[in-house]
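K.L.:
Handing you a structure now.
There are 2 protein chains.
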Amino acid sequence: MKWDTLEEEPCSLARTVAAIGDRWTLLILRECFLRVRRFEAFQSSLQITRHLLSERLKKLVRFGILRRVPYSEAPKRYEYILTQKGLDLYPIIMAMVHWGDAHMGDERGRPLLHEHKSCGKLFDPVMVCSECGEVLHAKQVHVHAGPGRREAAE
Amino acid sequence: MKWDTLEEEPCSLARTVAAIGDRWTLLILRECFLRVRRFEAFQSSLQITRHLLSERLKKLVRFGILRRVPYSEAPKRYEYILTQKGLDLYPIIMAMVHWGDAHMGDERGRPLLHEHKSCGKLFDPVMVCSECGEVLHAKQVHVHAGPGRREAAE
DNA sequence: TCAACTTAGTTCCTTTTTCAGACTGACGAC
DNA sequence: GTCGTCAGTCTGAAAAAGGAACTAAGTTGA
Numbered sequence: 001m002k003w004d005t006l007e008e009e010p011c012s013l014a015r016t017v018a019a020i021g022d023r024w025t026l027l028i029l030r031e032c033f034l035r036v037r038r039f040e041a042f043q044s045s046l047q048i049t050r051h052l053l054s055e056r057l058k059k060l061v062r063f064g065i066l067r068r069v070p071y072s073e074a075p076k077r078y079e080y081i082l083t084q085k086g087l088d089l090y091p092i093i094m095a096m097v098h099w100g101d102a103h104m105g106d107e108r109g110r111p112l113l114h115e116h117k118s119c120g121k122l123f124d125p126v127m128v129c130s131e132c133g134e135v136l137h138a139k140q141v142h143v144h145a146g147p148g149r150r151e152a153a154e
Numbered sequence: 001m002k003w004d005t006l007e008e009e010p011c012s013l014a015r016t017v018a019a020i021g022d023r024w025t026l027l028i029l030r031e032c033f034l035r036v037r038r039f040e041a042f043q044s045s046l047q048i049t050r051h052l053l054s055e056r057l058k059k060l061v062r063f064g065i066l067r068r069v070p071y072s073e074a075p076k077r078y079e080y081i082l083t084q085k086g087l088d089l090y091p092i093i094m095a096m097v098h099w100g101d102a103h104m105g106d107e108r109g110r111p112l113l114h115e116h117k118s119c120g121k122l123f124d125p126v127m128v129c130s131e132c133g134e135v136l137h138a139k140q141v142h143v144h145a146g147p148g149r150r151e152a153a154e
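Residue numbers (UniProt numbering), protein chains in the order written: chain A, 1 to 154; chain B, 1 to 154.
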């Protein structure tokens, strides 16, 4: 498969993978949600090579997930800020954190705890059905081909 | 960063990324949730090289996400089935599919539609707070260092 | 004024991964 | 006995990632 055509596949997972489906990109996004915004800050907290960081940030900007915003005119300096499209990745990141908490933990306990400001409690993210509000399980879901799949098949 | 030490980082996202954070692994998991189980079936639907497929399946088995189960004794043939740990990845996959639907779509419409068997409706997955049931947004969440982070810092 | 520092990258070379495709081995069917 | 199926392994070439030095523009401080 050619990774540059992945985003045109008639599969939303493949398209998401095209945008954020590699190790560094996911770790960069973690930092974004922890309010890291600047090149040097990403580099030193992730120990990613400057080359790759530069490339990945460009890609995230190209996909409209980050915005490159000047914060200083002279010298020209930019920071990288999540767009709404980027903020919408939050459920993905939280789902991954939650799975890691549940299945990849060690005896030391959770690395991070999450507090919901609205209710003031420590919480876990739970995925529910938009229609009935019940917790979702893989076996309770039936998949149908949608219009985008049927057209692609023609 | 050395990818083989990623799973020991005091960060649940990093540990999840260590297990499933690459392009092929995510696509293989998509197939698993679409009930694909056999080597040849993965290979032909993904067009992944046999070498990589073999490697990725081994890794998923090593992490306890898939189980390699014989379905024929002579000749010895195996299929790969999601364990509970693997099934628990469902919210991650669904969150990615949903984001792709919302932000990476084209004029043809959604590739797949999801029906919730319990309520019979087409739905979107929504992430809510386990404590109050409200929809989660990044800005409504405050992060604290947990025991696993504090010990790692010592 | 000049050296040192900061920030955001780019360049160059080496090492590691991935890719494409051929090959293996055990069996079953014809 | 040869063709087909399934689940892989092997190999050499191409692409991606890693490591470290370098650039460029401005700032600070002595």
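Note that CB positions come from ideal geometry on N, CA and C, so glycine has one too. What you are looking at is a predicted structure, and each value in this text was computed from that prediction instead of being measured.
#1: Starting from residue 75 of chain A, follow the beta strand (DSSP E) in both directions and report where the run begins and ends.
#2: Just how far apart, CA to CA, sit residue 78 of chain B and residue 61 of chain B?
#3: Taking the beta strand (DSSP E) that residue 125 of chain B falls in, what are its first and last residues?
#4: Going by beta carbon distance, what residues of the same chain come within less than 7 Å of residue 27 of chain A, once the five residues before and after it are set aside?
#5: Would you mind sorting residue 132 of chain B into buried or exposed? The rule is 16 or more other CB atoms within 10 Å of its CB.
#6: What does DSSP give as the partner residues of residue 68 of chain A in its beta bridges?
#7: Quick check on the burial criterion: 16 or more other C-beta atoms within 10 angstroms. Buried or exposed for residue 154 of chain B?
#8: Any idea which residues DSSP pairs residue 142 of chain B with across the strands?
#9: Using Cβ-Cβ distances below 7 Å, what residues of the segment 75-96 of chain A are close to chain B?
#10: Compare the C-beta of residue 113 of chain B with all C-beta atoms of chain A and state if any pair is closer than 8 Å.
#11: From this set, A:140, A:121, A:139, A:127, which residue's C-alpha is nearest residue 141 of chain B's C-alpha?
#12: Could you check whether the segment 67-85 of chain A touches the segment 30-39 of chain A, counting it as contact only if at least three pairs of C-beta atoms, one from each stretch, sit closer than 8 Å?
#13: Curious, which full-length beta strand (DSSP E) runs of at least 3 residues does the segment 16-75 of chain A contain?
#14: Please list, in chain order, the chain B residues whose beta carbon lies closer than 9 Å to that of residue 19 of chain A.
#15: Quick check on residue 13 of chain B - is its C-beta less than 8 Å from some C-beta in chain A?
#16: At the level of alpha carbons, what is the spacing between residue 146 of chain A and residue 96 of chain B?
#17: So, does the segment 113-120 of chain B touch the segment 96-113 of chain A, judging by three or more C-beta pairs under 8 Å?
#18: For a quick check, are the C-beta atoms of residue 11 of chain B and residue 91 of chain A less than 8 Å apart?
#19: Exposed or buried, residue 125 of chain A, counting other C-beta atoms within 10 Å across all chains shown (16 or more means buried)?
#20: Could you spell out where the alpha helix (DSSP H) holding residue 120 of chain A opens and where it closes?
#21: Please report the Cβ distance between residue 80 of chain A and residue 57 of chain A, rounded to the nearest whole angstrom; I am assuming they are in contact, meaning their Cβ atoms lie under 8 Å.
#22: Report the residue from B:87, B:3, B:54, B:89 whose alpha carbon sits nearest the alpha carbon of residue 48 of chain A.
#23: Taking 8 Å as the cut-off, decide whether the C-beta atoms of residue 127 of chain A and residue 94 of chain B are in contact.
#24: Spell out the partners DSSP gives residue 97 of chain B in its beta bridges.
#25: For residue 152 of chain A, I'd like the list of residues in its chain whose CB is within less than 6 Å of its CB, leaving aside the five on either flank, ordered along the chain.
P.N.:
By the coordinates alone:
#1: Element bounds for residue 75 of chain A: n/a, residue is neither H nor E.
#2: 12 Å
#3: Counting along the chain, the beta strand (DSSP E) containing residue 125 of chain B begins and ends at 125-129.
#4: Taken in chain order, the residues that qualify are 46.
#5: exposed
#6: In DSSP, residue 68 of chain A forms a bridge with A:80.
#7: Bear in mind that a pLDDT of 49 at residue 154 of chain B, under 50, signals an unreliable position, so the number given afterwards is only what the model happens to contain. Flag for residue 154 of chain B reads exposed.
#8: A:115
#9: 85, 87, 88, 89, 90, 91, 92, 93, 94, 95, 96
#10: Yes, because at least one Cβ of chain A sits closer than 8 Å to the Cβ of residue 113 of chain B.
#11: Residue A:121 is the option with its Cα nearest to residue 141 of chain B.
#12: The segment 67-85 of chain A makes contact with the segment 30-39 of chain A: 3 or more CB pairs, one atom from each, lie closer than 8 Å.
#13: 66-72
#14: 99, 100, 103, 104
#15: Chain A contact via Cβ: present.
#16: Our two residues, residue 146 of chain A and residue 96 of chain B, have alpha carbons roughly 17 Å apart in a direct line.
#17: No, they do not touch.
#18: no
#19: buried
#20: Unbroken run through residue 120 of chain A: none, as it is neither H nor E.
#21: 6 Å
#22: B:3
#23: yes
#24: According to DSSP, residue 97 of chain B bridges with nothing at all.
#25: 10
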